[in-house]
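Colleague: Pasting a structure below so you can have a look.
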Amino acid sequence: MRTLLIALPLLSLPALAHALDIPPVDYPTLPATAADANGFVPRGWRIEQRLDGDLNADRRADLVLVLRQQDPRNVLEHDGMGISPLDSNPRLLAIAWARPDGTYALAAQNHQLIPRHEYPNLSDVFEDGAGGVSIVRGTLQVVLYAFSNAGSWATGSTRFTFRWQHDAFALIGYDNDSMMRNSGQTESVSINYATAKVRRASGSIETDGEQVRWEKLLSKKRWTLDSIGDGAAFTPLP
Numbered sequence: 198m199r200t201l202l203i204a205l206p207l208l209s210l211p212a213l214a215h216a217l218d219i220p221p222v223d224y225p226t227l228p229a230t231a232a233d234a235n236g237f238v239p240r241g242w243r244i245e246q247r248l249d250g251d252l253n254a255d256r257r258a259d260l261v262l263v264l265r266q267q268d269p270r271n272v273l274e275h276d277g278m279g280i281s282p283l284d285s286n287p288r289l290l291a292i293a294w295a296r297p298d299g300t301y302a303l304a305a306q307n308h309q310l311i312p313r314h315e316y317p318n319l320s321d322v323f324e325d326g327a328g329g330v331s332i333v334r335g336t337l338q339v340v341l342y343a344f345s346n347a348g349s350w351a352t353g354s355t356r357f358t359f360r361w362q363h364d365a366f367a368l369i370g371y372d373n374d375s376m377m378r379n380s381g382q383t384e385s386v387s388i389n390y391a392t393a394k395v396r397r398a399s400g401s402i403e404t405d406g407e408q409v410r411w412e413k414l415l416s417k418k419r420w421t422l423d424s425i426g427d428g429a430a431f432t433p434l435p
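Residue numbers (this note's numbering): 198 to 435.
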């Protein structure tokens, strides 16, 4: 069984036979500053998820927003397999620093890491709270969920962990867990970019033990929020 870092792109393949005509999107540029969270929300978008927490070690609660477009043209009815209507409205991740006067300054915005829901046989990556964003010990974590109702037995999730360093949100951790629903086989890959170590594990939901193998991360390539691109298609290992 391939791990989800490979399975995620493969989950899209069976959907190509009945891919929908997804409308293009002109992504907005968010304002540089705002008095509150609503000040970063463009017309036609809404706040889907909001977090407050210190991300740059200045002891102020910074702002993390997942914004989602609300365009009815992106909600598609179809007669094929899978989810209908399909809400293909895109998401935008925004991070803003809290300032001493109580306002916010935009630190980053990204619309690539969280992919649009484009294929009706695949789940939305944030479906039923299985995916989403969180702030954990000063880091930003983004979890993408994967499930196919046709064409693949694979299901799982991928977690990206970012820390603000060197004026960017650097990827410091990558964790991928997958399971084959037909066989119960499980695999996980965990990368610690600070220690340059890779942990691989395989097992089964029917047994308690798992086989674990540690490797050295040979690639010197380091990633940031802006360089990863589509999180569902990201493959950090050759």
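Positions of the beta carbon are idealized from the N, C-alpha and C atoms, including for glycine. Since we're looking at a predicted model, the values are computed, not measured.
Whose CA, out of LYS417, THR404 and ALA398, lies closest to the CA of TRP411?
Modeller: Taking the sequence shown and counting its residues from 1, the one referred to as residue 411 is at position 214. Among LYS417, THR404 and ALA398, the Cα nearest to that of TRP411 is on ALA398.
Colleague: Can you find the residues in the same chain that come closer than 6 Å, C-beta to C-beta, to SER385, ignoring five residues on each side of it along the sequence?
Modeller: The residue given as residue 385 occupies position 188 in the sequence shown. Answer for SER385: ASP374 and ALA398, listed in chain order.
Colleague: ARG199: buried (16+ other C-beta within 10 angstroms of its C-beta) or exposed?
Modeller: For this step, residue 199 is matched to residue 2 along the sequence shown. At ARG199, the pLDDT of 34 sits below 50, so the modelled position is not reliable; the number obtained from the coordinates is stated separately. Result: exposed.
Colleague: Does the Cβ-Cβ distance between LEU262 and ALA291 come in under 7 Å?
Modeller: Here residue 262 is taken as the residue at index 65 of the sequence shown, counted from 1. Here residue 291 is taken as the residue at index 94 of the sequence shown, counted from 1. For LEU262 and ALA291, yes; Cβs fall inside 7 Å.
Colleague: If you drop the 5 nearest sequence neighbours on each side, which residues of the same chain put their C-beta closer than 8 Å to that of GLN267?
Modeller: The residue you call residue 267 lines up with position 70 of the sequence shown. The residues GLY241, TRP242, ARG243 and ASN286, in chain order, have a CB closer than 8 Å to that of GLN267 in the same chain once the five nearest residues on each side in sequence are set aside.
Colleague: Using alpha carbons as the reference points, say which of THR355, LEU248 and ASN379 lies closest to GLY370.
Modeller: Your numbering for residue 370 matches position 173 in the sequence shown. Ranking the options by Cα distance to GLY370, first place goes to THR355.
Colleague: When burial is assigned at 16 or more other CB atoms within 10 Å of the CB, is ILE402 buried or exposed?
Modeller: Locating residue 402 in the sequence shown gives position 205, counting from the first residue. Here ILE402 is exposed, its C-beta having fewer than 16 other C-beta atoms within 10 Å.
Colleague: Leaving out the 5 sequence neighbours to the left and right, which residues in its chain are closer than 7 Å to ARG296 when beta-carbon positions are compared?
Modeller: The count along the sequence shown starts at 1 and reaches residue 296 at position 99. Closer than 7 Å at Cβ, skipping near neighbours: ALA302.
Colleague: What residue range does the beta strand (DSSP E) around ILE388 cover?
Modeller: By one-based count along the sequence shown, residue 388 stands at place 191. Start and end: 382-389.
Colleague: Evaluate LEU289 with the Cβ neighbour count: other Cβ atoms within 10 Å of its Cβ, from every protein chain shown; 16 or more gives buried, anything less gives exposed.
Modeller: The residue labelled residue 289 in the question sits at position 92 within the sequence shown. Note on LEU289: 16 or more other CB atoms within 10 angstroms of its CB, so buried under the neighbour-count rule.
Colleague: So what does DSSP say about LEU422, is it helix, strand or coil?
Modeller: Locating residue 422 in the sequence shown gives position 225, counting from the first residue. LEU422: helix per DSSP, three-state reduction.
Colleague: Considering only their Cβ atoms, is the gap separating PHE344 from SER320 smaller than 7 Å?
Modeller: Here residue 320 is taken as the residue at index 123 of the sequence shown, counted from 1. Here residue 344 is taken as the residue at index 147 of the sequence shown, counted from 1. Closer than 7 Å, so yes.
Colleague: Does ALA232 come out as helix, strand or coil in the three-state DSSP assignment?
Modeller: The residue labelled residue 232 in the question sits at position 35 within the sequence shown. Coil.
Colleague: Is GLY328 helix, strand or coil by DSSP?
Modeller: Within the sequence shown, residue 328 is the residue found at index 131, counting from 1. Here GLY328 sits in coil by DSSP.
Colleague: What's the C-alpha gap between THR300 and GLN309?
Modeller: Taking the sequence shown and counting its residues from 1, the one referred to as residue 300 is at position 103. Taking the sequence shown and counting its residues from 1, the one referred to as residue 309 is at position 112. Roughly 26 Å between the two C-alpha positions.
Colleague: Grab the span of the beta strand (DSSP E) containing ASP259 for me, first residue to last.
Modeller: By 1-based counting over the sequence shown, the position of residue 259 is 62. Here the beta strand (DSSP E) through ASP259 covers 259-266.
Colleague: Under the three-state reduction of DSSP, which class applies to ASN271: helix, strand or coil?
Modeller: Translated into positions along the sequence shown, residue 271 becomes position 74. DSSP places ASN271 in the helix class (H, G or I) of the three-state scheme.
Colleague: Taking the alpha-carbon of ALA327 as reference, which of GLY335, ASN271, ALA229 and LEU341 has the nearest alpha-carbon?
Modeller: Counting from 1 along the sequence shown, the entry for residue 327 is found at position 130. With respect to the C-alpha of ALA327, the residue from GLY335, ASN271, ALA229 and LEU341 having the closest C-alpha is LEU341.
Colleague: Would you give the residue range spanned by the beta strand (DSSP E) that MET377 belongs to?
Modeller: In the sequence shown, residue 377 corresponds to position 180, counting from 1. Run containing MET377: 365-377, per the beta strand (DSSP E) assignment.
Colleague: If the criterion is Cβ atoms closer than 7 Å, does the pair LEU368 and TRP420 meet it?
Modeller: The residue given as residue 368 occupies position 171 in the sequence shown. The residue given as residue 420 occupies position 223 in the sequence shown. Against a cut-off of 7 Å, the Cβ pair of TRP420 and LEU368 comes out as a contact.
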